[in-house]
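As C-alpha coordinates, the structure follows; a few thoughts come after it.
See below:
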(Lines of atoms letter the chains of each structure in order from A and count residues from 1; the text may use other names and numbers.)
(Lines give C-alpha, C1' and ligand atoms only; values in the text may rest on other atoms or scores of the structure.)
Protein backbone atom coordinates (compact mmCIF):
# COMPACT_ATOMS: atom_id res chain seq x y z
CA UNK A 1 0.00 0.00 0.00
CA UNK A 2 1.74 3.15 -1.24
CA UNK A 3 -0.25 5.48 0.99
CA UNK A 4 1.62 4.51 4.16
CA UNK A 5 5.31 5.10 3.64
CA UNK A 6 7.68 3.41 6.09
CA UNK A 7 11.41 2.66 6.21
CA UNK A 8 12.56 -0.38 4.26
CA UNK A 9 11.62 -3.58 6.06
CA UNK A 10 14.08 -6.46 6.04
CA UNK A 11 11.76 -8.92 7.82
CA UNK A 12 14.43 -10.18 10.19
CA UNK A 13 12.66 -10.37 13.54
CA UNK A 14 10.31 -12.79 15.27
CA UNK A 15 7.37 -11.57 13.21
CA UNK A 16 9.37 -10.53 10.18
CA UNK A 17 10.07 -7.06 11.51
CA UNK A 18 12.99 -4.76 11.08
CA UNK A 19 14.21 -3.38 14.39
CA UNK A 20 14.58 0.04 12.76
CA UNK A 21 10.83 0.41 12.25
CA UNK A 22 9.29 -1.85 14.90
CA UNK A 23 8.12 0.08 17.97
CA UNK A 24 6.26 -2.76 19.66
CA UNK A 25 6.03 -6.53 19.46
CA UNK A 26 3.60 -9.00 20.97
CA UNK A 27 2.62 -12.62 20.69
CA UNK A 28 0.90 -12.29 17.31
CA UNK A 29 2.52 -9.39 15.51
CA UNK A 30 4.42 -6.14 15.66
CA UNK A 31 3.70 -2.42 15.36
CA UNK A 32 5.51 -0.28 12.80
CA UNK A 33 5.70 3.48 12.40
CA UNK A 34 4.65 4.91 9.04
CA UNK A 35 3.66 8.23 7.50
CA UNK A 36 0.33 8.81 5.80
CA UNK A 37 1.22 10.23 2.39
CA UNK A 38 -2.14 12.02 2.16
CA UNK A 39 -2.37 13.67 5.58
CA UNK A 40 1.35 13.76 6.37
CA UNK A 41 0.84 12.50 9.91
CA UNK A 42 2.55 9.61 11.63
CA UNK A 43 0.48 6.46 11.98
CA UNK A 44 0.95 3.05 13.56
CA UNK A 45 0.71 -0.08 11.43
CA UNK A 46 -0.05 -3.27 13.28
CA UNK A 47 1.16 -6.22 11.22
CA UNK A 48 0.29 -9.87 11.74
CA UNK A 49 0.14 -12.91 9.54
CA UNK A 50 -3.07 -13.06 7.56
CA UNK A 51 -5.29 -16.09 7.81
CA UNK A 52 -4.74 -16.90 11.48
CA UNK A 53 -7.32 -16.65 14.23
CA UNK A 54 -5.75 -13.55 15.89
CA UNK A 55 -5.79 -11.63 12.60
CA UNK A 56 -9.38 -12.66 11.91
CA UNK A 57 -10.51 -11.63 15.39
CA UNK A 58 -8.62 -8.34 15.20
CA UNK A 59 -10.20 -7.36 11.90
CA UNK A 60 -13.66 -8.54 12.87
CA UNK A 61 -13.78 -6.51 16.08
CA UNK A 62 -12.05 -3.46 14.62
CA UNK A 63 -14.59 -3.28 11.79
CA UNK A 64 -17.43 -3.61 14.31
CA UNK A 65 -15.95 -0.85 16.48
CA UNK A 66 -15.58 1.48 13.50
CA UNK A 67 -19.35 1.84 13.52
CA UNK A 68 -19.32 2.59 17.26
CA UNK A 69 -16.17 4.61 18.07
CA UNK A 70 -15.21 5.58 21.59
CA UNK A 71 -12.64 8.02 22.95
CA UNK A 72 -11.00 5.32 25.09
CA UNK A 73 -10.81 2.55 22.49
CA UNK A 74 -8.20 2.71 19.72
CA UNK A 75 -10.01 2.76 16.39
CA UNK A 76 -8.87 1.41 13.05
CA UNK A 77 -8.51 3.97 10.28
CA UNK A 78 -7.79 1.58 7.46
CA UNK A 79 -6.52 -1.91 6.68
CA UNK A 80 -4.84 -3.70 3.83
CA UNK A 81 -3.11 -6.97 2.98
CA UNK A 82 0.43 -7.20 1.62
CA UNK A 83 2.82 -10.03 0.78
CA UNK A 84 6.03 -10.64 2.69
CA UNK A 85 9.30 -12.05 1.33
CA UNK A 86 9.55 -15.47 -0.24
CA UNK A 87 10.57 -18.29 2.07
CA UNK A 88 14.30 -18.97 2.19
CA UNK A 89 13.62 -22.72 2.19
CA UNK A 90 13.24 -22.76 -1.59
CA UNK A 91 9.59 -23.84 -1.35
CA UNK A 92 8.36 -20.74 -3.13
CA UNK A 93 6.02 -20.01 -0.22
CA UNK A 94 5.31 -16.35 0.45
CA UNK A 95 3.65 -15.20 3.66
CA UNK A 96 0.90 -12.60 3.56
CA UNK A 97 0.29 -10.03 6.27
CA UNK A 98 -2.67 -8.06 7.53
CA UNK A 99 -1.89 -4.41 8.28
CA UNK A 100 -4.31 -2.37 10.37
CA UNK A 101 -3.77 1.40 10.47
CA UNK A 102 -4.19 3.36 13.72
CA UNK A 103 -3.37 6.72 15.21
CA UNK A 104 0.17 6.73 16.58
CA UNK A 105 0.26 6.96 20.38
CA UNK A 106 3.25 8.02 22.49
CA UNK A 107 3.51 5.24 25.08
CA UNK A 108 2.01 2.07 26.42
CA UNK A 109 1.02 2.13 30.06
CA UNK A 110 3.52 -0.70 30.57
CA UNK A 111 6.35 1.47 29.26
CA UNK A 112 5.35 4.39 31.43
CA UNK A 113 5.40 2.19 34.52
CA UNK A 114 8.53 0.13 33.75
CA UNK A 115 10.61 3.09 32.68
CA UNK A 116 9.13 5.29 35.39
CA UNK A 117 8.05 7.85 32.82
CA UNK A 118 5.30 8.75 35.24
CA UNK A 119 4.73 8.45 38.96
CA UNK A 120 1.02 8.92 39.03
CA UNK A 121 -0.66 11.30 41.42
CA UNK A 122 -4.07 10.39 42.79
CA UNK A 123 -5.69 12.71 40.26
CA UNK A 124 -3.79 11.17 37.37
CA UNK A 125 -4.45 7.62 38.55
CA UNK A 126 -8.15 8.37 38.88
CA UNK A 127 -8.23 9.91 35.40
CA UNK A 128 -6.51 6.90 33.83
CA UNK A 129 -8.64 4.40 35.69
CA UNK A 130 -11.83 6.23 34.75
CA UNK A 131 -10.79 6.17 31.10
CA UNK A 132 -10.09 2.42 31.27
CA UNK A 133 -13.46 1.72 32.88
CA UNK A 134 -15.26 3.74 30.22
CA UNK A 135 -13.40 1.90 27.48
CA UNK A 136 -14.21 -1.54 28.90
CA UNK A 137 -17.85 -0.56 29.44
CA UNK A 138 -18.06 0.44 25.78
CA UNK A 139 -16.52 -2.85 24.62
CA UNK A 140 -18.97 -4.84 26.71
CA UNK A 141 -21.85 -2.74 25.37
CA UNK A 142 -20.72 -3.81 21.90
CA UNK A 143 -20.67 -7.46 23.03
CA UNK A 144 -16.86 -7.70 23.00
CA UNK A 145 -14.72 -9.15 25.80
CA UNK A 146 -11.14 -7.92 25.46
CA UNK A 147 -9.64 -10.86 27.41
CA UNK A 148 -6.09 -9.45 27.49
CA UNK A 149 -6.37 -6.09 29.21
CA UNK A 150 -2.71 -5.82 30.22
CA UNK A 151 -0.73 -2.60 30.58
CA UNK A 152 0.91 -3.35 27.22
CA UNK A 153 -2.51 -3.04 25.60
CA UNK A 154 -3.26 0.38 27.04
CA UNK A 155 -1.92 3.34 25.06
CA UNK A 156 -1.39 6.81 26.53
CA UNK A 157 -0.68 10.07 24.70
CA UNK A 158 0.30 12.14 27.72
CA UNK A 159 -1.49 14.55 30.00
CA UNK A 160 -3.59 17.61 29.28
CA UNK A 161 -4.54 20.02 32.04
CA UNK A 162 -8.20 20.99 32.00
CA UNK A 163 -9.71 24.41 32.62
CA UNK A 164 -10.85 23.16 36.03
CA UNK A 165 -7.25 22.43 37.06
CA UNK A 166 -7.60 18.67 36.76
CA UNK A 167 -6.04 16.23 34.31
CA UNK A 168 -7.57 14.58 31.26
CA UNK A 169 -5.59 11.74 29.74
CA UNK A 170 -5.72 10.47 26.19
CA UNK A 171 -5.90 6.78 27.07
CA UNK A 172 -7.09 4.04 24.73
CA UNK A 173 -7.46 0.27 24.85
CA UNK A 174 -5.88 -1.57 21.92
CA UNK A 175 -5.11 -5.05 20.54
CA UNK A 176 -8.20 -7.16 19.85
CA UNK A 177 -6.44 -10.24 18.47
CA UNK A 178 -7.36 -12.22 21.59
CA UNK A 179 -10.82 -10.73 22.06
CA UNK A 180 -14.03 -12.60 21.41
CA UNK A 181 -17.69 -11.91 20.87
CA UNK A 182 -19.92 -11.87 23.93
CA UNK A 183 -23.42 -12.52 22.57
CA UNK A 184 -25.91 -12.17 25.44
CA UNK A 185 -29.12 -14.15 25.28
CA UNK A 186 -32.42 -12.87 26.67
CA UNK A 187 -33.15 -15.86 28.88
CA UNK A 188 -31.18 -18.10 31.23
CA UNK A 189 -30.12 -21.46 29.83
CA UNK A 190 -29.99 -24.65 31.93
CA UNK A 191 -30.03 -22.69 35.17
CA UNK A 192 -27.03 -20.54 34.23
CA UNK A 193 -27.01 -16.81 33.74
CA UNK A 194 -27.82 -15.75 30.21
CA UNK A 195 -24.52 -14.00 29.62
CA UNK A 196 -22.29 -16.75 30.97
CA UNK A 197 -24.22 -19.51 29.22
CA UNK A 198 -23.71 -17.85 25.85
CA UNK A 199 -19.91 -17.73 26.04
CA UNK A 200 -18.19 -20.26 23.77
CA UNK A 201 -15.54 -22.47 25.33
CA UNK A 202 -12.04 -21.12 24.87
CA UNK A 203 -9.48 -23.43 23.31
CA UNK A 204 -6.56 -21.28 24.45
CA UNK A 205 -5.82 -18.61 27.01
CA UNK A 206 -3.87 -15.55 25.98
CA UNK A 207 -4.58 -13.28 28.95
CA UNK A 208 -1.30 -11.83 30.22
CA UNK A 209 -0.25 -12.47 33.82
CA UNK A 210 -0.70 -10.75 36.24
CA UNK A 211 -3.97 -9.48 34.72
CA UNK A 212 -5.30 -13.03 34.42
CA UNK A 213 -8.52 -13.62 36.35
CA UNK A 214 -8.81 -16.56 38.82
CA UNK A 215 -11.32 -18.43 36.67
CA UNK A 216 -8.82 -18.35 33.79
CA UNK A 217 -5.92 -19.47 36.00
CA UNK A 218 -7.98 -22.33 37.42
CA UNK A 219 -8.92 -23.54 33.95
CA UNK A 220 -12.66 -22.90 34.12
CA UNK A 221 -14.38 -23.93 30.90
CA UNK A 222 -16.72 -20.94 30.88
CA UNK A 223 -16.02 -17.29 31.58
CA UNK A 224 -17.36 -13.94 30.53
CA UNK A 225 -16.75 -10.19 30.74
CA UNK A 226 -15.89 -10.48 34.43
CA UNK A 227 -12.34 -11.35 33.40
CA UNK A 228 -12.01 -7.79 32.10
CA UNK A 229 -13.36 -6.48 35.41
CA UNK A 230 -10.65 -8.41 37.26
CA UNK A 231 -8.03 -6.84 34.98
CA UNK A 232 -9.42 -3.40 35.81
CA UNK A 233 -8.91 -4.15 39.51
CA UNK A 234 -5.27 -5.03 38.81
CA UNK A 235 -4.91 -1.76 36.93
CA UNK A 236 -6.26 0.12 39.94
CA UNK A 237 -3.47 -1.31 42.12
CA UNK A 238 -0.89 -0.84 39.36
CA UNK A 239 -1.76 2.84 38.99
CA UNK A 240 -1.70 3.38 42.74
CA UNK A 241 1.71 1.73 43.19
CA UNK A 242 3.30 2.35 39.76
CA UNK A 243 4.19 -1.33 39.57
CA UNK A 244 2.57 -4.64 38.68
CA UNK A 245 5.27 -6.74 40.38
CA UNK A 246 3.10 -7.17 43.47
CA UNK A 247 0.97 -9.63 41.49
CA UNK A 248 3.75 -11.60 39.86
CA UNK A 249 4.50 -13.61 43.01
CA UNK A 250 0.88 -14.08 43.99
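In my numbering, the protein residues as written are 967 to 1216. For glycine and all other residues, C-beta sits at the position ideal for the given N, C-alpha and C. Note that the structure is predicted; figures quoted are calculated from it, not measured.
Run through the DSSP bridge pairs and tell me what residue i is partnered with.
{"i": "residue 1121", "result": "1074, 1138"}
{"i": "residue 1063", "result": "1015, 1048"}
{"i": "residue 934", "result": "No information on residue 934 is available, as it lies outside the stretch 967 to 1216 that the chain covers here."}
{"i": "residue 996", "result": "991, 1013"}
{"i": "residue 1039", "result": "1139"}
Can you tell which of the options has the C-alpha that lies nearest to the C-alpha of residue i?
{"i": "residue 1060", "options": "1070, 1069, 1048, 1068", "result": "1048"}
{"i": "residue 1008", "options": "1100, 970, 990, 1206", "result": "970"}
{"i": "residue 1139", "options": "1065, 1080, 1075, 1205", "result": "1075"}
{"i": "residue 1103", "options": "1194, 1077, 998, 1185", "result": "1194"}
{"i": "residue 1018", "options": "1177, 1144, 1181, 1189", "result": "1144"}
{"i": "residue 1041", "options": "1012, 1080, 1184, 989", "result": "1012"}
{"i": "residue 1135", "options": "1119, 1092, 1105", "result": "1092"}
{"i": "residue 1189", "options": "1178, 1198, 1044", "result": "1178"}
{"i": "residue 1035", "options": "1114, 1196, 1108", "result": "1108"}
{"i": "residue 1121", "options": "1088, 1094, 1029", "result": "1094"}
{"i": "residue 1123", "options": "1148, 1069, 1200", "result": "1069"}
{"i": "residue 1062", "options": "1050, 1071, 1072", "result": "1050"}
{"i": "residue 1200", "options": "1064, 995, 1115, 1080", "result": "1115"}
{"i": "residue 1204", "options": "1148, 1141, 1078", "result": "1078"}
{"i": "residue 1004", "options": "1182, 1021, 1044", "result": "1044"}
{"i": "residue 1022", "options": "1038, 999, 1065", "result": "1065"}
{"i": "residue 995", "options": "1146, 1141, 1186, 1185", "result": "1141"}
{"i": "residue 1010", "options": "1192, 1175, 989, 1026", "result": "989"}
Run through DSSP, which three-state label would residue i get?
{"i": "residue 1069", "result": "strand"}
{"i": "residue 1048", "result": "strand"}
{"i": "residue 991", "result": "strand"}
{"i": "residue 969", "result": "coil"}
{"i": "residue 1004", "result": "coil"}
{"i": "residue 1081", "result": "coil"}
{"i": "residue 1188", "result": "coil"}
{"i": "residue 1033", "result": "coil"}
{"i": "residue 1115", "result": "coil"}
{"i": "residue 1156", "result": "With a pLDDT of only 46 at residue 1156, under 50, the local geometry of the prediction cannot be trusted, and the value read off the model is given with reservation. Residue state, collapsed to three classes: coil."}
{"i": "residue 1182", "result": "helix"}
{"i": "residue 1165", "result": "Its pLDDT being 47, under 50, residue 1165 is placed unreliably by the model, and nothing is read from it."}
In the DSSP assignment, find the alpha helix (DSSP H) that holds residue i and state where it starts and stops.
{"i": "residue 1099", "result": "1088-1107"}
{"i": "residue 1195", "result": "1192-1207"}
{"i": "residue 1176", "result": "It is not in any alpha helix (DSSP H) - residue 1176 carries neither H nor E in the DSSP assignment."}
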